[in-house]
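Novice: Residue numbers (the working numbering), protein chains in the order written: chain A, 507 to 619; chain B, 3 to 118.
No residue lacks a Cβ here, since even glycine has one placed at the ideal position from N, Cα and C.
It should be emphasised that the depicted structure is a prediction, and the values quoted were computed from it without experimental measurement.
Quick one: structure below, then a few questions.
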Amino acid sequence: AQSVAQPEDQVNVAEGNPLTVKCTYSVSGNPYLFWYVQYPNRGLQFLLKYITGDNLVKGSYGFEAEFNKSQTSFHLKKPSALVSDSALYFCAVRDSSGNDMRFGAGTRLTVKP
Amino acid sequence: EAGVAQSPRYKIIEKRQSVAFWCNPISGHATLYWYQQILGQGPKLLIQFQNNGVVDDSQLPKDRFSAERLKGVDSTLKIQPAKLEDSAVYLCASSLGGGFSYNEQFFGPGTRLTVL
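The following block contains the structure:
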């Protein structure tokens, strides 16, 4: 079965600085990779996904993620963080033939003014 | 476009009682998912429906959990009897489906279950 690891429980950055939220995965075959965000008192929202093609994927709110097959990673990035980006971020994976969606434990991002 | 609807939003029950959750997916979404999210953890997939058929229920504790999706639209998830460790947020999500497992999922607000 596939799995996802988010090695950092908490990431703190200053507003205006670049941010990275890390994700590594394990899957048999080709992965479908996703990032979701959970704001306080709101449901999970889709940010971006990697299916195939360009390793750099752009998503909502200025976020992007880089797929690295050799390192089995899919790190989420943003060039300039906003205080409003503070939320809980989840990485998820499923293989290209299966229906087994696996989420990481989440990383809490705090952006300080 | 209306989002995924879930009810109730909160539920408190005693252990060994039964409880049911309801989900109405986005119109036209063929695939429906139920997840369990325990505090401090990521969502765990319990069951996935494609229309009214079960695609994946490998992580559903079938001795106490059941789910159905009659007519391929609304779905209910039931726990009978509940245990303390079932305290969690139960999330429903839907996606366009159609056999494309890379479609993004749209999540409802969840039902927070507390088992005393």
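Indicate whether the contact test is met: 3 or more Cβ pairs, each with one atom in the segment 55–65 of chain B and one in the segment 107–117 of chain B, closer than 8 Å.
Specialist: Output reads no: the segment 107–117 of chain B does not touch the segment 55–65 of chain B.
Novice: What residues are listed by DSSP as bridge partners for Arg9(B)?
Specialist: Here the sequence assigns Ser to residue 9(B), which means Arg is not the residue at that position. Trp24(B).
Novice: Output the distance between the C-alpha atoms of Tyr2(B) and Ile40(B), rounded to the nearest integer angstrom.
Specialist: Residue 2(B) is absent from the structure shown; chain B starts at 3 and stops at 118.
Novice: So with Cβ pairs under 8 Å, would you call Arg614(A) a contact of chain B?
Specialist: It does not: the Cβ of Arg614(A) has no partner Cβ on chain B nearer than 8 Å.
Novice: Report yes or no: is there a C-beta of chain B within less than 8 Å of the C-beta of Lys575(A)?
Specialist: Cβ-Cβ to chain B under 8 Å: no for Lys575(A).
Novice: On the criterion of 16 or more Cβ atoms from any shown chain inside 10 Å, does Arg608(A) qualify as buried, or is it exposed?
Specialist: When all chains shown are included, Arg608(A) counts as buried.
Novice: Report yes or no: do three or more beta-carbon pairs, one from the segment 12–23 of chain B and one from the segment 550–560 of chain A, lie closer than 8 Å?
Specialist: Not touching, per the Cβ criterion.
Novice: Return the residues of the segment 33–60 of chain B that lie within a Cβ-Cβ distance of less than 9 Å from chain A, sorted by chain order.
Specialist: Correct list: Thr33, Tyr35, Tyr37, Gln39, Gly42, Gln43, Gly44, Pro45, Lys46, Leu47, Gln50, Gln52, Val57, Asp58, Ser60.
Novice: Out of Pro27(B), Ser89(B), Arg66(B), which has the shortest C-alpha to C-alpha gap to Gln8(B)?
Specialist: Per the Cα distances, Pro27(B).
Novice: Need the endpoints of the beta strand (DSSP E) that Asp58(B) sits in, please.
Specialist: Here the beta strand (DSSP E) through Asp58(B) covers 55–58.
Novice: With a CB to CB cut of under 6 Å and the five nearest residues on each side skipped, what residues in its chain are close to Phe540(A)?
Specialist: Excluding sequence neighbours, Phe540(A) sits near Lys555, Ala598.
Novice: Report yes if the C-beta distance between Gly5(B) and Phe596(A) is below 8 Å; otherwise report no.
Specialist: Result no, Cβ atoms of Gly5(B) and Phe596(A) do not sit closer than 8 Å.
Novice: Considering only C-alpha positions, which residue in the set Asn547(A), Phe573(A), Tyr538(A), Tyr545(A) is nearest to Gln508(A)?
Specialist: The shortest C-alpha separation from Gln508(A) is found at Tyr538(A).
Novice: Just to check my reading of the structure: Ala448(A) and Glu521(A) have Cβ atoms closer than 8 Å, yes? What is that Cβ distance to the nearest angstrom?
Specialist: Outside the modelled stretch of chain A, which goes from 507 to 619, sits residue 448(A), for which no answer is possible.
Novice: Step through the CB atoms of chain B and report whether any lies within less than 8 Å of the CB of Tyr531(A).
Specialist: Not closer than 8 Å to any Cβ of chain B, the Cβ of Tyr531(A) fails to qualify, so no.
Novice: Taking the DSSP output, what are the residues bridged to His581(A)?
Specialist: Bridge partners of His581(A): Glu572(A).
Novice: For a test of the three-state rule: what should DSSP assign to Val533(A), helix, strand or coil?
Specialist: Note: Val533(A) maps to coil in three-state DSSP.
Novice: Which value, in whole angstroms, describes the spacing of the CA atoms of Asn574(A) and Asn561(A)?
Specialist: Answer to the nearest angstrom: the Cα atoms are 7 Å apart.
Novice: At a CB-CB cut-off below 9 Å, which residues of chain B make contact with Leu588(A)?
Specialist: By Cβ distance, chain B contributes nothing, its closest Cβ being about 22 Å from Leu588(A), past 9 Å.
Novice: Is Leu118(B) helix, strand or coil when you go by DSSP?
Specialist: Of the three classes helix, strand and coil, the one that applies to Leu118(B) here is coil, per DSSP.
Novice: Does Ala611(A) come within less than 8 Å of chain B when only Cβ atoms are used?
Specialist: At least one chain B Cβ lies under 8 Å of Ala611(A).
Novice: Following the continuous beta strand (DSSP E) through Asp88(B), name the residue where it begins and the one where it ends.
Specialist: Careful: Asp88(B) lies outside any beta strand (DSSP E) and carries neither H nor E.
Novice: By the criterion of Cβ-Cβ separation under 8 Å, what are the contact partners of Lys555(A) in chain B?
Specialist: Correct list: Tyr104, Glu106.
Novice: Could you compute how far the alpha carbon of Asn523(A) sits from the alpha carbon of Lys64(B)?
Specialist: Whole-angstrom Cα-Cα distance: 47 Å.
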